[in-house]
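Notes for the one structure printed next.
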Amino acid sequence: MGDKDKDNPEGLKVGKRYLVGRYLAGGSFGRLYTGKNIQTGEEVAIKMERQDIEKKQLTFEFRFFKILKAEGAQHKGIPRIYYFGPVGVWNALVMDLLGPSLEKVHDRCGTKFSLKTTIQLMIQLFDVIEYFHGKGLIYRDTKPENFLFGQSGTDSYSVVHIIDLGLCKEYLDDEGKHIPFVENKGVTGTVRYMSVNNNRGCEQGRRDDMEALGYMFIYLMKGELPWMGVKANTIPEKYRQIARIKERTTPEGLCADLPREFCHYLTAVRALDFADEPKYKDYIQMFSKLFKQKGFKNDNVYDFDRNHKPRR
């Protein structure tokens, strides 16, 4: 392997079947490339992470994907994993190639989703997070960028997939007991959507995933949250300011111009104790009832078409 391959893995062979294609994106998680199964021609996504970095996430991510697929189960909102292993100076994770993120489609639709589209997305994500929690994991990284639709023009174009599992954590110990509540841990995740308790530096549980989803859904509906745009001299001070605004913002105030079900949901998940199991089915039922009351048809029609372009 030449020096060029240490910085650019394009063209490298991964395992016996896959070839690294063009660069798609990069960040703290590593780099994402297109790829191809050289035996079938099927397109895939390949996440690459250098082996010499201090904080490796890809090994953890693969482990969490294996937990989610334990006993042969596979939720439609969990991408399929085809290979994980070393490639020269890299570790590579081969997975389904998906479409755009919620954030990208949200931007294309004018940064506001309709109530119908939002409820359809909520029901999907409540279901996949319930599956996640049922496998003993909490997600801890809720943001629209981490939920991807299926590929354009396919039957799965409107299926939301959960990605980037590097911040996941098991909330049950080896004996099946819930991890203890701990304070002063620092924050994990994206501050815009994280729960009040996460903002305070408390250990996260299932309730925190649900609260973060609530803030994300409100953002998708309204295009904004009261604590967006906060400016401060340091990151810690910015986080403290956001925490203060978030703590002062009641569910009633945050959801004042939304159907009351949004307030009911946020109030319910904020009231959960640390080790409580969220009532996923109740949340799904509540928003399914609202969906019917509004006269919406369960026709799989969203604010965007099969190519993720806004409907005219």
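According to UniProt numbering, the sequence shown holds residues 1 to 312 in order. Note that beta-carbon positions come from the ideal geometry of N, C-alpha and C, so glycine has one too.
- Here Val182 is exposed, its C-beta having fewer than 16 other C-beta atoms within 10 Å.
- A direct Cα-to-Cα measurement between Lys55 and Leu213 gives close to 27 Å.
- Shown here, Lys47 sits in a strand according to DSSP, grouped into three states.
- Across the structure, Glu49 and Met216 are spaced so that their CA atoms are roughly 28 Å apart.
- Taken atom to atom, the span from the alpha-carbon of Leu12 to that of Arg248 is near 52 Å.
- A residue is called buried when at least 16 other Cβ atoms come within 10 angstroms of its Cβ; Arg31 meets this threshold and is buried.
- Distance from the CA of Leu148 to the CA of Asp257, rounded to the nearest whole angstrom, comes to 27 Å.
- Inter-segment contact for the stretch 201-208 and the stretch 87-98 is absent: fewer than three beta-carbon pairs are separated by less than 8 Å.
- In this structure, the beta-carbon distance from Gly35 to Tyr18 falls below 8 Å.
- In this structure, the beta-carbon distance from Ile119 to Leu225 does not fall below 8 Å.
- Judged by DSSP in its simplified three-state form, His161 adopts strand.
- With 16 or more other Cβ atoms inside 10 Å of its own Cβ, Lys47 counts as buried.
- Within the same chain, Asn146, Leu148 come within 6 Å of Ile163 by CB-CB distance, once the 5 residues on both sides are set aside.
- Shown here, Thr59 sits in a helix according to DSSP, grouped into three states.
- Within the stretch 186-211, the runs of alpha helix (DSSP H) at least 4 residues long that lie entirely inside it are, in chain order, 196-199.
- In the DSSP secondary-structure assignment, Val94 is bridged to Ile46, Tyr83.
- One alpha carbon belongs to His308, the other to Ala232, and they sit about 36 Å apart.
- If one requires a minimum length of 4 residues, the alpha helix (DSSP H) runs lying completely within the stretch 233-284 are 235-248, 251-254, 260-270, in chain order.
- For Thr118, the enclosing alpha helix (DSSP H) covers residues 115-134.
- Around the beta carbon of Ile38, fewer than 16 other beta carbons lie within 10 angstroms, which makes this residue exposed.
- Distance from Leu68 to Lys135 at the Cβ level is roughly 5 Å; contact confirmed, criterion being Cβ atoms closer than 8 Å.
- Thr267 is the residue among Thr267, Ile245, Phe296 whose C-alpha sits nearest the C-alpha of Glu252.
- Looking at the backbone, the Cα of Ser152 and that of Asp282 are separated by about 32 Å.
- If you ignore the 5 residues before and after Cys202, its C-beta comes within less than 6 Å of the C-beta of Glu183, all in its own chain and listed in chain order.
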